[in-house]
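To keep things clear, I will list the structure first and then write my remarks on it.
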Amino acid sequence: MPALAPSSEEKVRERRAALEVELARFLEFLRAHYAPQRVILFGSLAQGELRPASDLDLVMVMPPSRPFLDCIGELLERFRPRVGMDLLVYTPEEFEEIRTRPFFQEEVLARGVVIYESPS
């Protein structure tokens, strides 16, 4: 008798577990190799609205180093994520500027979750 395909509920549970493991691994990597000031999780995982293809949506506030796209490229190359990740990296000054934009206010600040904040 062939095995039954997992239900969509099971797929979502499995996806949640995979995303949570990868999120913990990414936070450990960030703290070890970078100096993030704040990390905000937003999107489907933060809102509890997962689908089988959900990814990690993160905003990171980090000290200035290089242009936005260079930082993201380096992070992804060094970390090598095992799930889909959408990363938005801002300096503290850029974060202050962008926080007034409607999408940022509605999706990131209102519905996101701060998952890491530097003690200093």
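Residue numbers (full-length UniProt numbering): 1 to 120. Ideal placement from N, C-alpha and C gives every residue a C-beta, glycine not left out. The model shown is predicted, which means the values in this text are computed figures rather than measured ones.
Counting along the chain, V108 sits inside no beta strand (DSSP E), nor does DSSP assign it H or E at all. Taking 8 Å as the upper bound for CB-CB distance, V39 and L30 are in contact here, some 7 Å apart. In the displayed model, E93 falls within a helix according to three-state DSSP. Within its own chain, the residues whose Cβ lies closer than 8 Å to the Cβ of S8, once the five positions on either side in sequence are excluded, are P52, listed in chain order. Inter-residue distance for I98 and F104 is about 7 Å (C-alpha atoms, whole angstroms).
In this structure V83 is not in contact with A17, their Cβ atoms being roughly 11 Å apart against a cut-off of 8 Å. Non-local C-beta neighbours of S44 in its own chain, meaning closer than 7 Å and more than five positions away in sequence, comprise L50, R51, S54, ordered along the chain. For the 7 Å CB-CB criterion, A35 and P63 form a contact. Spatial neighbours of I72 in its own chain (CB-CB distance under 6 Å, excluding positions within 5 residues in sequence) are listed in chain order as L87, V89. Here L109 is actually not in contact with M85; their C-beta atoms are around 20 Å apart, not less than 8 Å.
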